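Residue numbers (my numbering), protein chains in the order written: chain A, 1 to 518; chain B, 519 to 1116. All C-beta atoms in this analysis are idealised placements derived from N, C-alpha and C, irrespective of residue type, glycine included. Because the structure is a prediction, the values reported are computed rather than measured. Working notes for the structure below.
As structure tokens, then:
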């Protein structure tokens, strides 16, 4: 019998001809019910949008009077007390959307209250040095930046790679250790964090394009048959054709109508993803465009969900331009006009540009983050969804001011199989601090790694290799330990007054307010 | 004394100010008249509420978005499609797919969604259910030789295979035409033939194709792109014949077009005035129109809120309260049938008017338990002239059991009042932000329900008072009916745990209120207030609003829908029959148009 390779995302194919795949049958591609797994398989997805500069008022909810707090540090000498405050994450319905804040809204159809309860919105994570543009700070590699000269040679592998290659993380063989739909930080970069790994590396998947991702989820099926996929795909084609004019005058369909059809297609996708029988694929064409458009990002979210659910991989990274979903084209230069003029100091920034800015990020949240979370929010085992066993997070290249890696907004979904509390707005900012500083982002990464069952001893090896002096001095957490030296931020001595060493020494500790039992 | 037209919103503000009630939020929405200048009415001024809608023929219509079939429409469509496709097997197949059909998510009301047609959300649960349902539909259609032959015709079983391909194409075309409510395009035929994916007659391939057709967007959604351009700048188009056929069939039947309507679309007769009118009359005369009007009346009157009447039979106080009328599990359905029979009688059997609904003294009780609630009125056989009620209090729709009952041992006047304000007078009642939950303490038998509610909700200076001075009287006037809808002369209070009679208290149905925003006056009975509600003209305008919401699946826009609303209102107000009124909306020019959103 001739083996035929199967793919159940036919509509993603582009063009004809191209790369022919020869993918072996892997046990991981068997139906999950056929896999006897001794322990919960966790999954990890990190996402980032470029720039940032979304004002706190546009992304964070407000604390209610019922908010709780826990003390991180008591006042000590000249250092003020530092509490974390946390509150139930609430949402409301506005029209067709469920809304947490201006930036965190998505169609209710894919963003039900149940999903809000599985999310966290967090703030108050800081990088203690200025690194300007970067491509991998959101996953722990501060070296891939264009301005933080002092830290460019301090190489840490990104945490997706650490997770993917940690002993025992994958409960069964996977086709790809990690999926990379991020740009400019993977193979080919001189600061490719993989080069810094002292592990026995597997090749990292080629990055930034959908082609390898398509290949990843192309599943061998030795018994071609008339399969449900064909049925669903033809129906999908009908929906898609309506939106593009293949069936009637698409120009007379409103944007809302097309969006509704697209959402319906998402749901058909989910049905298709759940099917065990795969559709005949044929040759997978080359598709090496860098993922940057909304359609590509949606596809990436869909394919990653599929890959995670079918066990092709358990780790993925997505990054996107800040303007990927821009709809208000009141700019000619996103960086200069939107990110800078609309994302600086809240009081002095152009509100129209800020609106353009947060709307684009909001659509990434809705069309990629929530989309992926919703895909995963289906039962893996009775009463437990894939999302429950996962940790997804989305942050931005900068914090709430463009280029400042302070107050990184972080949105999470999933509890990593109960490791984290969910349904919370968690605020680590310290209003008693002169800069309203929070905790170091390194502690966030350390908590993420531990949630993925990577022990501190495992990831601490990276600091011992990259920054042996800091390791010997008792610094913990994950990522570069470095204080900006010259009073860059408002003339403060940040190592003495803002982020004293205690924040790094304790950076392996479970974060109160977020980690269960902390 | 001079008389002036005055809009309701202002009048309510004056009323509430006069009562010094803080935080009131009773907002009138009847009519479309502008608020006049000036703030204070001279004492004693006669006030007339303008209930008319401003009809601007130049107003740009409300945009029509794509609509998902409601669950009721989906259910009706599938059942009627089966009748068209496999007439001898339709009811059997309908039974076979009843479970997956029931699993389609209900259209749950809430927030601003007054009617199920307004519930347009689509979630994964919907699409999953559609998929399961469509699979069951496809499998059922081909599961027997009889059914396959009904779909494919003799070409499927004759001796030759050379006609198989045409045979399959024709089956897909035929089913597609019914489900899509129009002929399939060539590209669509290609698409679904590809689903078939077999060279010859194949049971599973046929099931797959049928499944796919039911999952397709032209079945799940009502997609109107229009035909001829009426106004390109405003994106207004004339509906094409098949689109018009669908709009008519879903308007009157909540279902897809039948063969006659599809044929009228195909031969162009539907696009002629005479042909169109003939189809409107035919559709309205069809029994399927009854289920649509039944659905409308059910939602307008909020019949889904009628509780399970027997739920509290085990409670001593309720059992004692009900006495010989202890509800059976069937009583709820019979009460609903009683009121549905009433509105159907005045809509279809006689040329009844809306006023008739509020003044009728006929009984439609068909079972002894309902008749007992009505004082042992004679049973109606469902066909002959309904008997007259034997109780003089039993006047109009507000005196029907479905409007009065709950399953407690006490009446709920506030609920009754809110119903009248919201559903009959179209008064919005916005809850104040700081509204406290109202919970009546258990009665000790010293006060009537009215007295206790008055004390709790109308305390001078309280937050509640502002609205409740308007709401409560509309419920208190019905205190001559108990919680089972029985006429009573006194209120009996029972001890909850033992069912012992604690007290028999005299009822008071006299209220001083207004239903027309004019000066308050006295009412003593449901009959009195029903007459006043009709005379006010407000229920006619409110009825028009609700019907527009139901049939168009959206909130009315008094400006853009002004002509439709005013036409409806005038027909009702001029004692036009309910039947003519319901048909008239389909005769409006705007019914035949589609305006696409930006």
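Burial state of residue i, where buried means 16 or more other Cβ atoms lie within 10 Å
{"i": "residue 409(A)", "result": "buried"}
{"i": "residue 924(B)", "result": "buried"}
{"i": "residue 506(A)", "result": "buried"}
{"i": "residue 432(A)", "result": "exposed"}
{"i": "residue 135(A)", "result": "buried"}
{"i": "residue 64(A)", "result": "exposed"}
{"i": "residue 910(B)", "result": "exposed"}
{"i": "residue 244(A)", "result": "exposed"}
{"i": "residue 826(B)", "result": "exposed"}
{"i": "residue 257(A)", "result": "buried"}
{"i": "residue 990(B)", "result": "buried"}
{"i": "residue 776(B)", "result": "buried"}
{"i": "residue 1112(B)", "result": "buried"}
Residue j beta carbon less than 9 angstroms from that of residue i
{"i": "residue 160(A)", "j": "residue 139(A)", "result": "yes"}
{"i": "residue 876(B)", "j": "residue 1051(B)", "result": "yes"}
{"i": "residue 588(B)", "j": "residue 722(B)", "result": "no"}
{"i": "residue 131(A)", "j": "residue 148(A)", "result": "yes"}
{"i": "residue 738(B)", "j": "residue 815(B)", "result": "no"}
{"i": "residue 466(A)", "j": "residue 154(A)", "result": "yes"}
{"i": "residue 476(A)", "j": "residue 442(A)", "result": "yes"}
{"i": "residue 232(A)", "j": "residue 733(B)", "result": "yes"}
Neighbour flag for residue i against chain B, beta carbons, 9 angstroms
{"i": "residue 112(A)", "result": "yes"}
{"i": "residue 234(A)", "result": "yes"}
{"i": "residue 241(A)", "result": "yes"}
{"i": "residue 96(A)", "result": "yes"}
{"i": "residue 69(A)", "result": "no"}
{"i": "residue 79(A)", "result": "no"}
{"i": "residue 246(A)", "result": "yes"}
{"i": "residue 328(A)", "result": "no"}
{"i": "residue 268(A)", "result": "yes"}
Strand pairing of residue i, partner residues [DSSP]
{"i": "residue 396(A)", "result": "49(A)"}
{"i": "residue 68(A)", "result": "86(A)"}
{"i": "residue 749(B)", "result": "754(B)"}
{"i": "residue 317(A)", "result": "46(A) and 180(A)"}
{"i": "residue 134(A)", "result": "145(A)"}
{"i": "residue 1021(B)", "result": "1011(B)"}
{"i": "residue 999(B)", "result": "1005(B)"}
{"i": "residue 408(A)", "result": "125(A)"}
{"i": "residue 385(A)", "result": "379(A)"}
{"i": "residue 1030(B)", "result": "1040(B)"}
Collapsed DSSP secondary structure at residue i in the structure displayed
{"i": "residue 1008(B)", "result": "strand"}
{"i": "residue 732(B)", "result": "helix"}
{"i": "residue 945(B)", "result": "strand"}
{"i": "residue 148(A)", "result": "coil"}
{"i": "residue 110(A)", "result": "coil"}
{"i": "residue 1039(B)", "result": "strand"}
{"i": "residue 119(A)", "result": "strand"}
{"i": "residue 76(A)", "result": "strand"}
{"i": "residue 503(A)", "result": "helix"}
{"i": "residue 639(B)", "result": "coil"}
Interface flag, residue i vs chain A, CB-CB below 9 angstroms
{"i": "residue 584(B)", "result": "yes"}
{"i": "residue 622(B)", "result": "no"}
{"i": "residue 935(B)", "result": "no"}
{"i": "residue 710(B)", "result": "yes"}
{"i": "residue 762(B)", "result": "no"}
{"i": "residue 864(B)", "result": "no"}
{"i": "residue 645(B)", "result": "yes"}
{"i": "residue 701(B)", "result": "no"}
The ligand SAM heavy atom lying under 8 angstroms from the CB of residue i
{"i": "residue 711(B)", "result": "In terms of ligand content, the structure shown is empty, and the ligand SAM therefore cannot be addressed."}
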